[in-house]
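Trainee:
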Amino acid sequence: MLTPTYTILYVADPQASARLYGKLLDAQHVESSPTFVLFPLENGRMLGLWAKSDAVPAADFHGSGSELAFRVPDDAQVDALHGKWREAGLRILQAPTKVDFGYTFTAADPDGHRLRVFARGE
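Position one of the sequence shown corresponds to residue 1 (full-length UniProt numbering), numbered consecutively onward.
1) Are A88 and F118 touching if we call contact CB-CB under 8 Å?
2) Can you give the Cα-Cα distance for D26 and A108, rounded to whole angstroms?
3) Quick one: what does DSSP say E87 is sitting in, helix, strand or coil?
4) According to DSSP, T3 sits in a beta bridge with which residue or residues?
5) First and last residue of the beta strand (DSSP E) that includes L38?
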């Protein structure tokens, strides 16, 4: 089976996005240039932030076509991250709510990428 190991987000300003994602992920980047920043994730995958203006081939993506989803252990953690991310200035697209798969909220980064936090319902 071929397993994706990198997620790349096309962003307007990789350095500004790196500051935001560094705080959200509580992580340090391992690679940084004016057009690209790379974060290792605990699960062995990598998150890259690539300048839209320098992506080859050109990126015509404008945000919200997909989501980065973060599963947390319980509803209290969903609420805690909602408060933390709201205070960090992220635009909240969906306040914490119960849905068919559990308890969740959705935010957007400055480039419009959707970020979902959820706890599975039992």
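C-beta: ideal position from N, C-alpha, C; glycine also. Computed from a predicted model, the values in this text were never measured in an experiment.
Mentor: Based on what the coordinates show:
1) no
2) 18 Å
3) helix
4) In the DSSP output, where bridge partners are listed per residue, T3 has none listed.
5) 36-40
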